[in-house]
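S.K.: Pasting a structure here, questions to come.
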Amino acid sequence: MDRLDIIRNGEIIHTVEATGDGLTLETEIDVRMDGSGWIAAPRMLGDIHSMDRWDDPAHKAEVVATFEEGLRLYRAQANDGR
-2 MDRLDIIRNG EIIHTVEATG DGLTLETEID VRMDGSGWIA APRMLGDIHS
48 MDRWDDPAHK AEVVATFEEG LRLYRAQAND GR
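Oh and the sequence shown: position 74 is 71 in my numbering, straight run, nothing missing.
Here's what the structure looks like:
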């Protein structure tokens, strides 16, 4: 992982550049939300699929399913013009 983009309602609002080994990064930001919205890290799903350091396959499956469901819901809302 070389960076993490924080995306709010389809727009990049903050980018965190990775340092060191590229396996971890850390940031602290305040995100103003004036109404309902969606915050996402879209590249993370691809990275999750390729990671090989899971404690067990069930945990990986749960995390992947959570990200995929969130992405599905977001895309459905975007397609509905919300």
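We put the CB at the ideal spot given by N, CA and C, even for glycine. All values reported here derive from a predicted model rather than from experimental measurement.
Would you list, in sequence order, the uninterrupted alpha helix (DSSP H) runs of no fewer than 4 residues that lie entirely inside the segment 23 to 55?
M.R.: Taking only runs of at least 4 residues, the alpha helix (DSSP H) segments lying wholly in the segment 23 to 55 are 40 to 47.
S.K.: Rounding to the nearest angstrom, what Cα-Cα distance links residue 30 and residue 22 in this structure?
M.R.: The residue you call residue 30 lines up with position 33 of the sequence shown. The residue you call residue 22 lines up with position 25 of the sequence shown. One C-alpha to the other measures close to 24 Å.
S.K.: Which residue wins for smallest C-alpha separation from residue 27, given the options 17, 41, 10, 33?
M.R.: For the purposes of this step, residue 27 is identified with residue 30 of the sequence shown, where counting begins at 1. Among 17, 41, 10, 33, the Cα nearest to that of residue 27 is on 10.
S.K.: Relative to the C-alpha of residue 15, which residue among 25, 48, 55, -1 is closest?
M.R.: Sequence index remark: in the sequence shown, residue 15 carries index 18 (1-based). Comparing Cα-Cα distances from residue 15 to each of 25, 48, 55, -1, the minimum goes to -1.
S.K.: Going by alpha carbons, who is nearest to residue 70 out of 20, 34, 19, 17?
M.R.: Looking up residue 70 in the sequence shown gives position 73. The shortest Cα separation from residue 70 among 20, 34, 19, 17 belongs to 34.
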